[in-house]
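**Student:**
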Amino acid sequence: MLKLIFAVMINELKRLLRVKEVSSVLIIGLVTYFFFYPLPYNNEEVRDVPIAVMDQNKTTMSRELLRMLDATDSLKIVDHVENLGEAKELLKQRKIYGIVVIPFEFEQNILKGRRDAVVFYGDASYVMIYNGAANAVSSVVMATNKKILMDKQIAMGVDPAIAQGNSAPFNPVTVDLFNPQSGYATYIIPPAYVLILNQSMWIGIMLACILSRRSSFDMAFVSTPQRSTAQLAFAALAGRYLAYLFYAYFGYWIFMLFAPYWYQLPRLSDIFSLAIFGMFFLSAIILLALAMSSIFKKMDNVFLLMLPFSMIFFFFSGISWPQYLMPDLFLGIARILPSTSAIEGLVHMNQMGASLQEVEFQLMNLAILIVIYGLLAYGVFYRYVLKLKAQPPA
Numbered sequence: 001m002l003k004l005i006f007a008v009m010i011n012e013l014k015r016l017l018r019v020k021e022v023s024s025v026l027i028i029g030l031v032t033y034f035f036f037y038p039l040p041y042n043n044e045e046v047r048d049v050p051i052a053v054m055d056q057n058k059t060t061m062s063r064e065l066l067r068m069l070d071a072t073d074s075l076k077i078v079d080h081v082e083n084l085g086e087a088k089e090l091l092k093q094r095k096i097y098g099i100v101v102i103p104f105e106f107e108q109n110i111l112k113g114r115r116d117a118v119v120f121y122g123d124a125s126y127v128m129i130y131n132g133a134a135n136a137v138s139s140v141v142m143a144t145n146k147k148i149l150m151d152k153q154i155a156m157g158v159d160p161a162i163a164q165g166n167s168a169p170f171n172p173v174t175v176d177l178f179n180p181q182s183g184y185a186t187y188i189i190p191p192a193y194v195l196i197l198n199q200s201m202w203i204g205i206m207l208a209c210i211l212s213r214r215s216s217f218d219m220a221f222v223s224t225p226q227r228s229t230a231q232l233a234f235a236a237l238a239g240r241y242l243a244y245l246f247y248a249y250f251g252y253w254i255f256m257l258f259a260p261y262w263y264q265l266p267r268l269s270d271i272f273s274l275a276i277f278g279m280f281f282l283s284a285i286i287l288l289a290l291a292m293s294s295i296f297k298k299m300d301n302v303f304l305l306m307l308p309f310s311m312i313f314f315f316f317s318g319i320s321w322p323q324y325l326m327p328d329l330f331l332g333i334a335r336i337l338p339s340t341s342a343i344e345g346l347v348h349m350n351q352m353g354a355s356l357q358e359v360e361f362q363l364m365n366l367a368i369l370i371v372i373y374g375l376l377a378y379g380v381f382y383r384y385v386l387k388l389k390a391q392p393p394a
């Protein structure tokens, strides 16, 4: 039996390298995604967003405010305009992404103790850019308010230390847990890599199964003497599973071990824990793909299915749609997808430092999927062996 399994595994490993349709997905595709997918997120946070300013006050105080805005990492003043019409044209041409308006009597109202407003118009169609620019403007305005209040108290004879405390009786302290830079790359890349690996393995394995049907190796394999249909089906399933697991771990280690160092992402888990969790995750993907391989007769059908399913995987993963907002029905459906538990477990382990015991629920979910998909895959291969045996010899 072991010789049969080993023969199937070696044949499949060689064939996957020879068949360009499969190797392009399982090898070239994964390497390409590794290098090109994170490029838009490399900077982690928004920097030097071009903005225009309309200073209607033109006083020392308004110029100081603009200097502070331009000094932030997030903003860059590229133009001074005289009216909103001119600023809107720059906004439409995408030369700027925001407009800061300082009103006419800005300094005078502040000196008289009146409230005034610094207005920021931002292009909210780019959410990341808008949030970065708006937060920067808000921070500068709050810092300016604090300084003005402190200067007023000092002018009234209040001790500078007391004036500083009065201007800010308490300060909020925010601690960015598990994402020290509060960056988008740290948030999106790790779960996206899990989805990419999930999709690539699913497509590659189903393509490999379609292209190997009724091959000369398979015909010779089912003719092995003194082996029952059940034994041949198990050997065929086990051999292919081991071959695909080898390729799956190739992509898995690229994404989970090498990527954090290359892109400076958090990786708090140890290699042993990652290897164990990866075994459960990759096994569930492989067995699901092998179980579904009998549905498709042509390669084109695989891609036709994956287009809508890629969106389902994405939404059920919890990346863009938090799971606590999902209906119970959708939560149940999400649990039958290996990628859901894999994303939860790997993010907890790599970014939050969780141990295998702390992702026990995800491991148990994947183990159940392995059993279910494994039985389905065995049934598929059993039928396949029966069909090959029923064919007359060429």
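Residue 1 is where the sequence shown starts when you use full-length UniProt numbering, and the numbers rise one by one after that.
We put the beta carbon where it would ideally sit given N, CA and C, even for glycine.
Within the continuous alpha helix (DSSP H) that includes residue 411, where are the two ends?
**Tutor:** Residue 411 falls outside the range modelled here, since the chain spans only 1 to 394, and no answer is possible.
**Student:** Based on Cα-Cα distance, which residue from TYR249, GLU82, LYS76 and ARG115 lies nearest to LEU26?
**Tutor:** It is TYR249 whose Cα lies nearest to the Cα of LEU26.
**Student:** Where does TYR121 sit, in a helix, a strand or coil, going by DSSP?
**Tutor:** Note: TYR121 maps to strand in three-state DSSP.
**Student:** Does DSSP classify LEU75 as helix, strand or coil?
**Tutor:** The answer is strand: DSSP assigns LEU75 an E or B state.
**Student:** Determine whether the beta carbon atoms of VAL53 and VAL100 lie at a separation below 8 Å.
**Tutor:** Yes; because the gap between Cβ atoms is below 8 Å, this pair is in contact.
**Student:** So who's on the other strand from ALA52, going by DSSP bridges?
**Tutor:** Paired residues: ASP79 and ILE99.
**Student:** DSSP on TRP253, reduced to helix/strand/coil?
**Tutor:** Helix at TRP253.
**Student:** Roughly how many whole angstroms lie between the Cα atoms of PHE296 and GLN357?
**Tutor:** Taking the straight line from one Cα to the other gives about 38 Å.
**Student:** Using the three-state DSSP reduction, which class does GLU105 fall into: helix, strand or coil?
**Tutor:** In the structure shown, GLU105 sits in coil (DSSP, three-state: anything other than H, G, I, E or B).
**Student:** Would the beta-carbon of LEU207 fall within 8 Å of that of TYR252?
**Tutor:** No, they are not a contact pair.
**Student:** For LEU111, count neighbouring C-beta atoms within 10 Å of its own C-beta (all shown protein chains included) and say buried if the count is 16 or more, exposed if not.
**Tutor:** Looking at its Cβ environment, which holds fewer than 16 other Cβ atoms inside 10 Å, LEU111 is exposed.
**Student:** Pair every Cβ in the region 358-370 with every Cβ in the region 378-388, then say whether three or more of these pairs are closer than 8 Å.
**Tutor:** Verdict: no, contact absent.
**Student:** Can you check which of these residues, TYR126, ILE129 and ASP116, is closest to THR144 by C-alpha distance?
**Tutor:** Among TYR126, ILE129 and ASP116, the Cα nearest to that of THR144 is on ASP116.
**Student:** What are the start and end residues of each continuous alpha helix (DSSP H) run of 4 or more residues lying completely inside the region 249-312, in chain order?
**Tutor:** Correct list: 259-262 and 271-292.
**Student:** When DSSP labels each residue in this structure, what does GLY345 get in the three-state scheme?
**Tutor:** Reduced to three states, the DSSP call for GLY345 is helix.
**Student:** Roughly how many whole angstroms lie between the Cα atoms of SER215 and LEU195?
**Tutor:** Looking at the two C-alpha atoms, the distance is approximately 31 Å.
**Student:** With C-beta atoms as the reference, is ARG212 less than 8 Å away from ARG15?
**Tutor:** The sequence shown places Ser at residue 212, not Arg. Cβ atoms of SER212 and ARG15: closer than 8 Å.
**Student:** To the nearest angstrom, report how far apart ALA87 and ILE319 are at their CA atoms.
**Tutor:** If I take the Cα positions, the gap works out to 36 Å.
**Student:** Cα separation between LEU257 and VAL19?
**Tutor:** Taking the straight line joining both Cα atoms gives about 28 Å.
**Student:** Taking the alpha helix (DSSP H) that ALA367 belongs to, which residues open and close that run?
**Tutor:** ALA367 -> alpha helix (DSSP H) spans 360-390.
**Student:** Quick check: ILE286 and MET201, are their CB atoms within less than 8 Å of each other?
**Tutor:** Yes, the Cβ-Cβ distance between ILE286 and MET201 is below 8 Å.
**Student:** Tell me the residue span of the alpha helix (DSSP H) that contains VAL19.
**Tutor:** Unbroken run through VAL19: none, as it is neither H nor E.
**Student:** Using a Cβ-Cβ cut-off of 7 Å (strictly less than) and excluding sequence neighbours within five positions of GLN108, which residues of its own chain qualify?
**Tutor:** Excluding positions up to five away in sequence, the list is empty.
**Student:** Pop quiz: GLY239 and ALA390 are said to be a contact at Cβ under 8 Å. What is the actual Cβ separation, rounded to whole angstroms?
**Tutor:** Not a contact, Cβ separation roughly 22 Å.
**Student:** Compare the C-alpha of LEU245 against each of GLN264, LEU386 and LEU288 and name the closest.
**Tutor:** Checking every option, the nearest Cα to that of LEU245 belongs to LEU288.
**Student:** Select from TRP262, VAL22, THR60 and LEU337 the residue whose C-alpha is nearest the C-alpha of PHE36.
**Tutor:** Per the Cα distances, TRP262.
**Student:** Quick one: is PHE104 buried, meaning 16 or more other Cβ sit within 10 Å of its Cβ, or exposed?
**Tutor:** Looking at its Cβ environment, which holds fewer than 16 other Cβ atoms inside 10 Å, PHE104 is exposed.
**Student:** Do you know offhand how far TYR247's Cα is from PRO260's?
**Tutor:** If you take the alpha carbons of TYR247 and PRO260, they lie about 20 Å apart.
**Student:** Smallest Cα separation from ILE102: which of ILE276, ILE96, VAL81 and GLU89?
**Tutor:** Selected option, being the one with the closest Cα: VAL81.
**Student:** Can you list, in chain order, the residues of its chain with a C-beta nearer than 6 Å to that of ASP70? Leave out the 5 residues immediately preceding and following it.
**Tutor:** Same-chain partners within the cutoff: ILE77.
**Student:** What would DSSP say about TRP321, mapped onto helix, strand or coil?
**Tutor:** Three-state result, TRP321: coil.
**Student:** Excluding sequence positions up to five away, which residues of its chain have a Cβ less than 6 Å from the Cβ of PRO334?
**Tutor:** What sits at residue 334 in the sequence shown is Ala, not Pro. Result list for ALA334: PHE316 and THR340, in chain order.
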